[in-house]
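**Q**
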Amino acid sequence: MTSKPIEREAPPQGALVIHPQRDGRESSRSADARLEEAVGLALALDLEVRDAIIAPLRKRTPATLFGSGKVDEIGALCHELDAEVAVVDDALTPVQQRNLEKAWKVKVIDRTGLILEIFARRARTREGRLQVELARLSYERSRLVRTWTHLERQRGGFGVMGGPGETQIETDRRLLAEKIGKLKRELAEVRRTRNLQRGARQRHPFPAVALVGYTNAGKSTLFNRLTRSDVVAADMLFATLDPTLRMLNLPDGRPAILSDTVGFISDLPHELVESFRATLEEVKEADVILHVRDIASEETDAEAEDVRAVLDRLGIDIEERNLIEVWNKADLLEPEAREELAGDARRHHPQAVLVSGASGAGLDDLLAAIARLVDDAPPVSVHLSAAEGAAVAWLYRHGRVMDRIDDDEGGSRLAVRLSAQALGQFEQLFPRADLTPL
């Protein structure tokens, strides 16, 4: 009888984390905070961080990012630490990445590659995997040259006068382009299905509430508290990636739909923003957006600015949306600081609520604030003819349809609740619509 070999997990790879401190770049966040975040990303990838350094960078060197002296210094440190991976907390060009790997004789990962690798490990749903794979291939397309050592030109035709054939790298790029096209088509189908599901939800009079926030701000813990769910929540960057929807009970017993989305981060790779656009459409369609902030973090203001920047890239103007700032992790503050923040919210930030997702403190105030925003406008009755299907679709996208009666001629009368801004937009877009207050 033969016994099976014992499977052992590979030991974690040793890593050196380097944050290039560029002049004028650290205006909104300290270099120490950026380095700490980069270490958190490396730990989320199960790397063993053996050292983390800040490398001053006066100017970018096209070939290696760092100057030759700094390259030699970091290379010696990698050798001293016996590191197998060097994490550079910045975007590297393919040439820079290849040259640094040759100089340091270790695997080099830049910030974009690190985040993409974390996403690839954490995505669970088919949609999440498709989005991550599309982002990864888009990132790797410009880096194909560093993957191959057999890029000699193949000759086509017969004899020495034959014309050049297709190089290996051209073949790989063509295959990669075909795979990217296939993934985009599959994601388009996923988006179509998601839009159908969203349309079905919008036919019910349930308001939609979406959680957004910097990664590790406590969104999933808050989500679990509000919905009595068991979504994975951990003190880790990007602990959850795939969007989750659950029913939420408002104070008067009315249901709402709460969605938890992927956390944002500073310098979120362009490839990820584009590929996760379908997932983040939940935010665009929400009646209320909850911006969850780690109010105990020294970098809370800078993190909030990063979230706003990503929302802006998605075409979401938070100034025109029903938004509540959820100042989370209040339990980590000293009692005096907590009282001061609560007073500041009451006096200067009427749309901010101080809460603790861990203890549940302040959640009643948060639910009351959501209910007030959902009911911020009285319902109106809208009568539309059969030819005004676009107006009907617009109302389902931007309002909360509470009732609908279709007549024999194909027209419809809808009872719909719209925010003041949405009501004004509807009147401008569809001036012939018959509106009466209920």
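Letter by letter, the sequence shown follows residues 19 to 456 in my numbering. Note that beta-carbon positions come from the ideal geometry of N, C-alpha and C, so glycine has one too.
#1: Name the DSSP bridge partner or partners of MET420?
#2: Quick one: measure Cβ to Cβ for VAL208 and VAL301, integer angstroms, because I've assumed they're closer than 8 Å.
#3: Per the DSSP calculation, LEU75 is bridged to which residue(s)?
#4: Using only CA atoms, which one of LYS202, PHE448, ASP278, THR189 lies nearest to LEU244?
#5: Which one of VAL400, ALA327, VAL57, ALA60 has the shortest CA to CA distance from VAL419?
#6: Along the beta strand (DSSP E) that carries ALA451, what are the first and last residues, could you check?
#7: Determine the burial state of PRO182: buried for a count of at least 16 other Cβ atoms within 10 Å of its Cβ, exposed for fewer.
#8: Nearest CA to the CA of ASP190: which residue from PRO30, LEU155, LYS202?
#9: Between the segment 81-93 and the segment 48-58, are three or more C-beta pairs nearer than 8 Å?
#10: Would you identify the three-state DSSP class for ASN340, choosing helix, strand or coil?
#11: Going by the CB atoms, is the gap between ILE342 and LEU391 shorter than 9 Å?
#12: Looking at VAL373 and ASP383, is the spacing between their C-beta atoms short of 9 Å?
#13: By a C-beta neighbour count over all protein chains shown, 10 Å radius and 16 as the cutoff for buried, is LYS237 buried or exposed?
#14: Measuring straight from C-alpha to C-alpha, what distance separates ARG116 and VAL106?
#15: So what does GLY231 bridge to, in DSSP terms?
#16: Identify, in the order they occur along the chain, each residue of the same chain with its Cβ nearer than 7 Å to the Cβ of ASP462, setting aside the five sequence neighbours on each side.
#17: Taking its Cβ as the centre, do 16 or more other Cβ atoms sit within 10 Å of ILE17, making it buried, or is it exposed?
#18: With VAL124 as the anchor, note down where its alpha helix (DSSP H) starts and where it stops.
#19: Taking C-beta to C-beta, are ALA228 and LEU308 nearer than 9 Å?
#20: Leaving out five residues before and five after LEU350 in sequence, what residues of the same chain have Cβ atoms less than 7 Å from its Cβ?
#21: Tell me where the alpha helix (DSSP H) around ASP278 begins and ends.
#22: Could you tell me how far apart the beta carbons of GLY199 and TYR232 are, in whole angstroms, since I believe they sit closer than 8 Å?
#23: Using the C-alpha atoms, what's the distance from THR318 back to LEU332?
#24: Can you tell me whether ALA138 is helix, strand or coil according to DSSP?
#25: Whose C-beta lies closer than 7 Å to the C-beta of ASP41 among residues of the same chain, with five residues either side of it excluded?
#26: Below 8 Å CB to CB, which residues in the same chain sit around VAL113 once its five sequence neighbours on both sides are set aside?
#27: Let me make sure I understand the geometry here. Which of LEU99, ALA33, ASP69, GLU98 has the alpha-carbon closest to that of LYS125?
#28: What is the rounded straight-line gap between the Cα of VAL306 and the Cα of LEU268?
#29: With distance defined between alpha-carbon atoms, name the residue in TRP122, ARG161, LYS347 nearest to THR130.
#30: The beta strand (DSSP E) with THR111 in it runs from where to where?
#31: Of all the options VAL67, GLU66, ASP100, LEU118, which has the alpha carbon lying nearest to the alpha carbon of SER86?
#32: Taking LEU350 as part of the alpha helix (DSSP H), name the residues at either end of that continuous run.
#33: Using DSSP's beta-bridge definition, name the partner residues of ASN346.
#34: Can you give me the start and stop residues for the beta strand (DSSP E) that THR262 sits inside?
#35: State the DSSP-derived secondary structure class of ALA405, mapped to helix, strand or coil.
**A** To lay it out plainly:
#1: Taking the sequence shown and counting its residues from 1, one reaches residue 420 at position 402. None, per the DSSP bridge assignment.
#2: One-based indexing of the sequence shown puts residue 208 at position 190. One-based indexing of the sequence shown puts residue 301 at position 283. Wrong, their Cβ atoms sit about 17 Å apart, outside the cutoff.
#3: Along the sequence shown, read from residue 1 onward, the residue named residue 75 stands at position 57. Paired residues: ARG40.
#4: Counted from its first residue, the sequence shown places residue 244 at position 226. Of the listed residues, the one whose Cα sits closest to LEU244 is ASP278.
#5: The residue you call residue 419 lines up with position 401 of the sequence shown. With distances taken between CA atoms, VAL419 lies nearest to VAL400 out of VAL400, ALA327, VAL57, ALA60.
#6: Residue 451 sits at position 433 when you count from the first residue of the sequence shown. Neither: ALA451 is in no beta strand (DSSP E) and is coded neither H nor E.
#7: Working through the sequence shown from its first residue, we reach residue 182 at position 164. Note that PRO182 has pLDDT 47, beneath the 50 cutoff, so the model's placement of it is unreliable and no number is given.
#8: If you number the sequence shown from 1, residue 190 lands on position 172. For ASP190, the nearest C-alpha among the options comes from LEU155.
#9: These segments do not touch.
#10: As a working note, residue 340 is residue 322 in the sequence shown. Of the three classes helix, strand and coil, the one that applies to ASN340 here is coil, per DSSP.
#11: By one-based count along the sequence shown, residue 391 stands at place 373. By one-based count along the sequence shown, residue 342 stands at place 324. Their beta carbons are under 9 Å apart, which means LEU391 touches ILE342 by this criterion.
#12: As a working mapping, residue 383 is identified with position 365 in the sequence shown. As a working mapping, residue 373 is identified with position 355 in the sequence shown. The answer is yes: Cβ separation under 9 Å.
#13: On the sequence shown, position 219 is the one that residue 237 refers to. Classification of LYS237: buried, given that the 10 Å Cβ count is 16 or more.
#14: As a working note, residue 116 is residue 98 in the sequence shown. As a working note, residue 106 is residue 88 in the sequence shown. ARG116 and VAL106 have their C-alpha atoms roughly 13 Å apart.
#15: Counting from one through the sequence shown, the residue named residue 231 turns up at place 213. GLY231 is bridged by DSSP to VAL310.
#16: Past the boundaries of the shown model lies residue 462; the chain is included only from 19 to 456, so the question cannot be answered.
#17: With the chain running from 19 to 456 in the structure shown, residue 17 is simply not present.
#18: Counting from one through the sequence shown, the residue named residue 124 turns up at place 106. Note, VAL124: premise wrong, no alpha helix (DSSP H); not H, not E.
#19: Position 210 of the sequence shown holds residue 228. Position 290 of the sequence shown holds residue 308. For the pair ALA228 and LEU308, the CB atoms are nearer than the 9 Å cut-off.
#20: Counting from 1 along the sequence shown, the entry for residue 350 is found at position 332. So the qualifying residues of the chain are ALA314.
#21: Within the sequence shown, numbered from 1, the residue matching residue 278 stands at position 260. That residue, ASP278, is in no alpha helix (DSSP H); its beta strand (DSSP E) goes 273-278.
#22: As a first step, residue 199 must be located in the sequence shown, where it is residue number 181. As a first step, residue 232 must be located in the sequence shown, where it is residue number 214. GLY199 to TYR232, Cβ: 33 Å. No contact.
#23: Within the sequence shown, residue 332 is the residue found at index 314, counting from 1. Within the sequence shown, residue 318 is the residue found at index 300, counting from 1. As the crow flies, the alpha-carbon of LEU332 is around 21 Å from that of THR318.
#24: Your numbering for residue 138 matches position 120 in the sequence shown. Under the three-state reduction of DSSP output, ALA138 falls in the helix class.
#25: For the purposes of this step, residue 41 is taken as residue 23 along the sequence shown, with counting starting at 1. Cβ-Cβ distances below 7 Å link ASP41 to ARG76 in the same chain, with the five nearest sequence neighbours on each side left out; the list follows chain order.
#26: The residue labelled residue 113 in the question sits at position 95 within the sequence shown. Once the five neighbours on either side are set aside, the close Cβ partners of VAL113 are PRO80, ALA81.
#27: Indexing the sequence shown from 1 puts residue 125 at position 107. Of LEU99, ALA33, ASP69, GLU98, the residue nearest in Cα terms is ALA33.
#28: Counting from 1 along the sequence shown, the entry for residue 306 is found at position 288. Counting from 1 along the sequence shown, the entry for residue 268 is found at position 250. Near 13 Å, if we compare the C-alpha coordinates of LEU268 and VAL306.
#29: In the sequence shown, residue 130 corresponds to position 112, counting from 1. Residue ARG161 holds the alpha-carbon nearest to the alpha-carbon of THR130 among TRP122, ARG161, LYS347.
#30: Along the sequence shown, read from residue 1 onward, the residue named residue 111 stands at position 93. For THR111, no beta strand (DSSP E) segment is defined, and its DSSP state is neither H nor E.
#31: Counting from one through the sequence shown, the residue named residue 86 turns up at place 68. Taking the Cα of SER86 as reference, the smallest distance to any Cα among VAL67, GLU66, ASP100, LEU118 is reached at LEU118.
#32: Start at 1 with the first residue of the sequence shown, and residue 350 comes out as number 332. LEU350 -> no alpha helix (DSSP H), and no H or E assigned at all.
#33: Residue 346 sits at position 328 when you count from the first residue of the sequence shown. Its beta-bridge partners are ASP312.
#34: The residue given as residue 262 occupies position 244 in the sequence shown. Per DSSP, THR262 belongs to the beta strand (DSSP E) from 262-267.
#35: As a working mapping, residue 405 is identified with position 387 in the sequence shown. In the three-state DSSP reduction, ALA405 falls in the coil class, being neither helix nor strand.
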